[in-house]
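When we follow this note's numbering, the leftmost residue of the sequence shown carries the number 1, and every step to the right adds one. For glycine and all other residues, C-beta sits at the position ideal for the given N, C-alpha and C. See structure below.
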Amino acid sequence: MALKATIFKADLQVADLDRSHFADYALTIARHPSETDERMMIRLLAFAMYAGSDLAFGKGVSSDDEAALWEIDPGGVIRRWIEVGLPDETRLRKACGRADRVVLLAYGARTVDAWWRQSAPNLKRFDNLEVLQISGEESLALSKLAARKMKLSCTIQEGTIYFEGVELHPQPLSPATV
Numbered sequence: 001m002a003l004k005a006t007i008f009k010a011d012l013q014v015a016d017l018d019r020s021h022f023a024d025y026a027l028t029i030a031r032h033p034s035e036t037d038e039r040m041m042i043r044l045l046a047f048a049m050y051a052g053s054d055l056a057f058g059k060g061v062s063s064d065d066e067a068a069l070w071e072i073d074p075g076g077v078i079r080r081w082i083e084v085g086l087p088d089e090t091r092l093r094k095a096c097g098r099a100d101r102v103v104l105l106a107y108g109a110r111t112v113d114a115w116w117r118q119s120a121p122n123l124k125r126f127d128n129l130e131v132l133q134i135s136g137e138e139s140l141a142l143s144k145l146a147a148r149k150m151k152l153s154c155t156i157q158e159g160t161i162y163f164e165g166v167e168l169h170p171q172p173l174s175p176a177t178v
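This is the structure:
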């Protein structure tokens, strides 16, 4: 018998001063049995960073055809495809072909540097891809916030993210030009 996803609930208050976006979200997050708290919280961080009316969680880990999160406009056009972790080049190439913009939140402490050295030559050709690195300390601090029921606030100002007492500074590895 296959293991089922664990359901988490998050009441998320977003105050994004950089985009002038202020909203409250009642989110249901399905954590795949193979997913860690760290990955789930990075997905939640990604939601806060790009929050909007059309942003939704995809099937992520359990589907090769869906993003961790994506923004699909009412006409069915994928405006933003968001991945987390260290996906292979094939997955990112596919996302870049399907979406206007692709964002990757890379995390994993020192493994990000090795992954980027290997992947960068092939990924830099995608003008619609933005790769941001979350440090190991930051992702670990985020993972400690994970609970089945969460009430969280996130403030974003001048590129710094304050997520329920955790200060994050995503570092760009590859800026999108779109």
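Mind listing, in chain order, the continuous alpha helix (DSSP H) runs of no fewer than 4 residues lying wholly within the region 69-134?
Within the region 69-134, the complete alpha helix (DSSP H) runs of at least 4 residues are 89-98, 111-123.
Cβ-heavy atom distance between residue 104 and the ligand SAH below 8 Å?
No copy of the ligand SAH appears in this structure; indeed no ligand is present at all.
Just curious, the beta strand (DSSP E) that residue 24 is in, first and last residue?
Taking the first residue of the sequence shown as 1, we reach residue 24 at position 24. According to the DSSP assignment, residue 24 belongs to the beta strand (DSSP E) that extends over 21-31.
Tell me the rounded alpha-carbon separation between residue 104 and residue 90.
Residue numbering aside, residue 104 sits at position 104 when the sequence shown is read from its first letter. Residue numbering aside, residue 90 sits at position 90 when the sequence shown is read from its first letter. For residue 104 and residue 90, the distance between alpha carbons rounds to 14 Å.
Coil, strand or helix - residue 45 by DSSP:
Counting from one through the sequence shown, the residue named residue 45 turns up at place 45. Note: residue 45 maps to helix in three-state DSSP.
In the DSSP assignment, the alpha helix (DSSP H) including residue 252 goes from what residue to what residue?
Here the chain has residues from 1 to 178 only, and residue 252 is not among them.
Can you find the residues in the same chain that come closer than 7 Å, C-beta to C-beta, to residue 139, ignoring five residues on each side of it along the sequence?
As a first step, residue 139 is located in the sequence shown; it is residue number 139 there, counting from the start. Within the same chain, 38, 42, 107 come within 7 Å of residue 139 by CB-CB distance, once the 5 residues on both sides are set aside.
DSSP-derived helix/strand/coil call for residue 174
On the sequence shown, residue 174 is found 174 positions in, with the first residue counted as 1. Strand.
Report yes if the CB atom of residue 158 is closer than 9 Å to the CB atom of residue 16, and no otherwise.
The sequence position of residue 158 within the sequence shown is 158, counting from 1. The sequence position of residue 16 within the sequence shown is 16, counting from 1. Their beta carbons are not under 9 Å apart, which means residue 158 does not touch residue 16 by this criterion.
Output the distance between the C-alpha atoms of residue 110 and residue 136, rounded to the nearest integer angstrom.
Sequence index remark: in the sequence shown, residue 110 carries index 110 (1-based). Sequence index remark: in the sequence shown, residue 136 carries index 136 (1-based). Between residue 110 and residue 136, the alpha-carbon positions lie close to 8 Å from each other.
If we count the other Cβ atoms within 10 Å of its Cβ and call it buried at 16 or more, is residue 101 buried or exposed?
Taking the sequence shown and counting its residues from 1, one reaches residue 101 at position 101. When all chains shown are included, residue 101 counts as buried.
Which two residues bound the contiguous alpha helix (DSSP H) that contains residue 167?
Counted from its first residue, the sequence shown places residue 167 at position 167. Run containing residue 167: none in the alpha helix (DSSP H); it sits in the beta strand (DSSP E), 166-168.
I'd like the span of the alpha helix (DSSP H) that includes residue 140, first residue to last.
As a first step, residue 140 is located in the sequence shown; it is residue number 140 there, counting from the start. In this chain, the alpha helix (DSSP H) harbouring residue 140 covers 136-143.
Rounded to a whole number of angstroms, what is the C-alpha to C-alpha distance between residue 118 and residue 126?
Indexing the sequence shown from 1 puts residue 118 at position 118. Indexing the sequence shown from 1 puts residue 126 at position 126. Roughly 16 Å between the two C-alpha positions.
Report yes if the CB atom of residue 116 is closer than 9 Å to the CB atom of residue 99, and no otherwise.
Reading the sequence shown from its first residue, position 116 is the one you call residue 116. Reading the sequence shown from its first residue, position 99 is the one you call residue 99. Not a contact, by the Cβ cut-off of 9 Å.
If you follow the beta strand (DSSP E) that residue 65 is in, where does it begin and where does it stop?
In the sequence shown, the residue the question calls residue 65 occupies position 65. Premise fails: residue 65 is in no beta strand (DSSP E) and is neither H nor E.
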